[in-house]
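All remarks here apply to the structure that follows.
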Amino acid sequence: MSLLFLLVSTRIISVSIPPLASMVSYLAGEQYKVVSILNQTQNPHTYEIRPSDLKTAITSDLHIEVGDHLEGWGKRICEKRKNCLRIYDELESRNIKVSNPHIWLDLTLIPECARIIEKRLEKTFPQDSLLFRKNLNQFLLNFDSLKTELKDLFKNYSGTKVLLYHPSWNNFVEPLGLKVAGALVHHGEKEVSAGDFAKWVQRIKSENIRLIIAEKNMPSQICENLAKESGTCYVLLNPLFGGDFLDGLREQAVFIKKGLECRK
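Sequential numbering from -13 applies to the sequence shown in this note's numbering.
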């Protein structure tokens, strides 16, 4: 009887991507089961949603996703799921400027994203409102400490130029003092043309672009080849990191710092 009660009372929150699931877990607490639709190696832009994914999202107590065009399949879930939170859309409804859909990597918007999630948790599970507020306050304190730590980590690299393979990291690296020279590909684009490749080789050399930031879930030899041709360095980051949310941000920052240090 007690086992049956446990199964019935388990509260499930489905989330589109691992880092967002990590943030939700932080805010919801251990008594909630948080399930990510994608894993850390998949690409939310190109992922083909499966019937089992739809079932997970539709049968959960709450579904949360980034929104905008980031998950091309996201609207299909929200059309079938009444309790669905699209964070990007909620930010815009509050007249908060969003320049990049990769909001979980935006060091300026992360606190507001956390507040939006916490409000929806309270609305869905009002019996745990006090717990959610407590977890949110702790999250915001820890995030402020992390931002201070990361700014100190990059204090000697202010104005240093980096090149992105895909424009996920603009609002992560720029608040830390780095300058984004551009992105090799954008949403919906394929690989870099031979002409663009040659232009980037020249730009990297002439503008002293220190690092190329590639992504593990977008496999490409372009960044490695471009680094070899131009004499700069490249680093592989994972925008869909799992584990503790703040630790994941810290780890990506450390990888960037090590990449900047590869060229003395």
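All C-beta atoms in this analysis are idealised placements derived from N, C-alpha and C, irrespective of residue type, glycine included.
{"Query": "Proximity test, Y33 beta-carbon vs the ligand GTP heavy atom, cut-off 7 Å", "Result": "The ligand GTP is absent from the structure shown, which contains no ligand whatsoever."}
{"Query": "Residue range of the alpha helix (DSSP H) that includes I73", "Result": "73 to 79"}
{"Query": "Segments of 3+ residues assigned as beta strand (DSSP E) that fall wholly inside the segment 83 to 166", "Result": "147 to 150"}
{"Query": "Where V10 falls: helix, strand or coil (DSSP)", "Result": "helix"}
{"Query": "Where K39 falls, given that 16 or more other Cβ within 10 Å makes a residue buried", "Result": "The sequence shown places Asp at residue 39, not Lys. When all chains shown are included, D39 counts as buried."}
{"Query": "Classification of H172 by the beta-carbon crowding that lies within 10 angstroms, buried from 16 upward", "Result": "exposed"}
{"Query": "Counterpart residues of H49 in DSSP-defined beta bridges", "Result": "S0, C70"}
{"Query": "Stretch pair the segment 186 to 206 + the segment 130 to 149: three plus CB contacts closer than 8 Å", "Result": "yes"}
{"Query": "Spatial neighbours of N29 in its chain, beta-carbon cut-off 7 Å, leaving aside the 5 residues before and after", "Result": "N203, M204"}
{"Query": "Alpha carbon of I82 to alpha carbon of D230, nearest angstrom", "Result": "26 Å"}
{"Query": "Candidates E16, K41, E57, G15, of which the one nearest L226 by Cα", "Result": "E57"}
{"Query": "Three-way DSSP call (helix, strand, coil) for I208 in this model", "Result": "helix"}
{"Query": "CA-to-CA distance, T(-4) to Q17, given in whole angstroms", "Result": "8 Å"}
{"Query": "Local Cβ density within 10 Å of E104, reported as buried at 16 or more and exposed below that", "Result": "buried"}
{"Query": "Contact set for K19: own chain, Cβ-Cβ below 8 Å, skip 5 residues either direction", "Result": "T(-4), R(-3), I(-2), I(-1)"}
{"Query": "Buried or exposed by the 16-neighbour rule on C-beta atoms within 10 Å, applied to R72", "Result": "buried"}
{"Query": "Where I63 sits in the DSSP three-state scheme", "Result": "helix"}
{"Query": "C-alpha distance - I35 paired with T218, whole-angstrom precision", "Result": "38 Å"}
{"Query": "Where E201 falls: helix, strand or coil (DSSP)", "Result": "strand"}
{"Query": "Which residues DSSP lists as bridging A169, in chain order", "Result": "L150"}
{"Query": "Secondary structure of L222, DSSP reduced to three states", "Result": "strand"}
{"Query": "For R187, the three-state DSSP class (helix, strand or coil)", "Result": "At residue 187 the sequence reads Val, which differs from the Arg that was named. Residue state, collapsed to three classes: helix."}
{"Query": "K41 in three-state terms, based on DSSP", "Result": "helix"}
{"Query": "L95 versus P37: straight-line alpha-carbon distance, rounded", "Result": "32 Å"}
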